[in-house]
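One structure is given here, and the rest of the page talks about it.
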Amino acid sequence: MMRSTYDMLSVPVFIAVVGIFLLRIQKYIQLLASDAQATNATKEGYLKHIAYDHSIIGALLILLLILQILAGKTAKVSTKKKIIMESEKKRKNIDDPVDIRSKFLKVDKPKIDTQPVSNLPKVVHLRRLKGKIIQDCDIYIGRACNMGGWRLSESKWHNPYSVKQYGRDGALDRYRKYIESNENNLLNDLHELAGKRLGCWCTPNRCHGDILRELFKKEVHQSIKPSGN
Numbered sequence: 001m002m003r004s005t006y007d008m009l010s011v012p013v014f015i016a017v018v019g020i021f022l023l024r025i026q027k028y029i030q031l032l033a034s035d036a037q038a039t040n041a042t043k044e045g046y047l048k049h050i051a052y053d054h055s056i057i058g059a060l061l062i063l064l065l066i067l068q069i070l071a072g073k074t075a076k077v078s079t080k081k082k083i084i085m086e087s088e089k090k091r092k093n094i095d096d097p098v099d100i101r102s103k104f105l106k107v108d109k110p111k112i113d114t115q116p117v118s119n120l121p122k123v124v125h126l127r128r129l130k131g132k133i134i135q136d137c138d139i140y141i142g143r144a145c146n147m148g149g150w151r152l153s154e155s156k157w158h159n160p161y162s163v164k165q166y167g168r169d170g171a172l173d174r175y176r177k178y179i180e181s182n183e184n185n186l187l188n189d190l191h192e193l194a195g196k197r198l199g200c201w202c203t204p205n206r207c208h209g210d211i212l213r214e215l216f217k218k219e220v221h222q223s224i225k226p227s228g229n
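Here it is in structure tokens:
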């Protein structure tokens, strides 16, 4: 909405103001050409007015360019925030699946002290915040990284298949088959991810962390029971 208002109002106003100064310049040029009896001082005054108007036009055009760049950056930030929010919403839907029967049947709610706690792992984004490294994860699941202040060893959960080589979908399909093959006993180790935050670089894009979540949900049939049971 902010972008469209800028396009509809700001640009036409700038064009109108520039047009006014162009008319002023044309007026002074005509005066120079037609006023044969003008003194040198008068002609110099006309030239100063023309130079001044040219400066104003140049400044306005630079300002217009700056505003267009700022408006473009604002639109990109807005789009990125929207993508992140949509991604978090999709992940929430995976964490909290809704039983369609609950829409039609009245089900007695279990007591709070007997409700199982979800142990589905969550994928978090390794990032920087105001120049500081944010590594708010329990298990790093990426390749080795020793640059930019990061000192991370290669995780056994890393994806050996490159997105650059196979494309995102191809790399994820190969990773799923790699885990399911249990070649490195990783399928049996999925229980280690229970309730953990899995650190990766890919979010908000879909990544191999999401594949681990899906396989965990499929293969691991256990939940963390509350204390006292």
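Numbered by UniProt numbering, the letters in the sequence shown go through residues 1 to 229 in order. Cβ coordinates follow ideal geometry from the N, Cα and C atoms, glycine included.
Return helix, strand or coil for residue i, following the three-state DSSP convention.
i: H125; result: strand
i: K177; result: helix
i: L67; result: helix
i: Y140; result: strand
i: L152; result: strand
i: T114; result: Its pLDDT being 45, under 50, T114 is placed unreliably in this model, and the value from its coordinates should be taken loosely. Three-state DSSP puts T114 in a helix.
i: A41; result: helix
How long is the line joining the alpha carbons of residue i and residue j, rounded to whole angstroms?
i: N119; j: I211; result: 16 angstroms
i: K122; j: R128; result: 19 angstroms
i: P204; j: I15; result: 40 angstroms
i: S162; j: D173; result: 12 angstroms
i: R143; j: G199; result: 11 angstroms
i: D169; j: C202; result: 13 angstroms
i: Q135; j: L64; result: 41 angstroms
i: L190; j: E180; result: 11 angstroms
i: Q115; j: R197; result: Summary for Q115: the model assigns pLDDT 44, below 50, so the residue's position carries little reliability; its value from the coordinates is reported in the next sentence. Distance between the alpha carbons of Q115 and R197: 22 angstroms.
i: L215; j: L186; result: 11 angstroms
i: I56; j: V17; result: 10 angstroms
i: Y175; j: Y166; result: 11 angstroms
i: N146; j: G58; result: 48 angstroms
i: G19; j: Q37; result: 29 angstroms
i: I141; j: K81; result: 24 angstroms
i: P12; j: I66; result: 16 angstroms
i: I50; j: V77; result: 41 angstroms
i: K156; j: N188; result: 13 angstroms
i: K43; j: L23; result: 18 angstroms
The beta strand (DSSP E) that contains residue i, what's its start and end?
i: L212; result: Run containing L212: none in the beta strand (DSSP E); it sits in the alpha helix (DSSP H), H208 to E219.
i: G19; result: G19 -> not in any beta strand (DSSP E); alpha helix (DSSP H) instead, spanning V11 to S34.
i: L190; result: No beta strand (DSSP E) holds L190; DSSP gives it neither H nor E.
i: I199; result: According to the sequence provided, residue 199 is Gly. The question's Ile does not apply to it. R197 to C200 is the span of the beta strand (DSSP E), which, as asked, contains G199.
Using C-beta distances below 7 angstroms, list every residue in its chain close to residue i, excluding the 5 sequence neighbours before and after it, in chain order.
i: A171; result: N159, Y161, S162 and V163
i: K217; result: L120
i: L31; result: Y46
i: F21; result: D53, I56 and I57
i: S153; result: A144
Skipping 5 residues on each side, what residues in its chain have a beta carbon closer than 6 angstroms to that of residue i?
i: C207; result: C200
i: R213; result: P121
i: G195; result: N119
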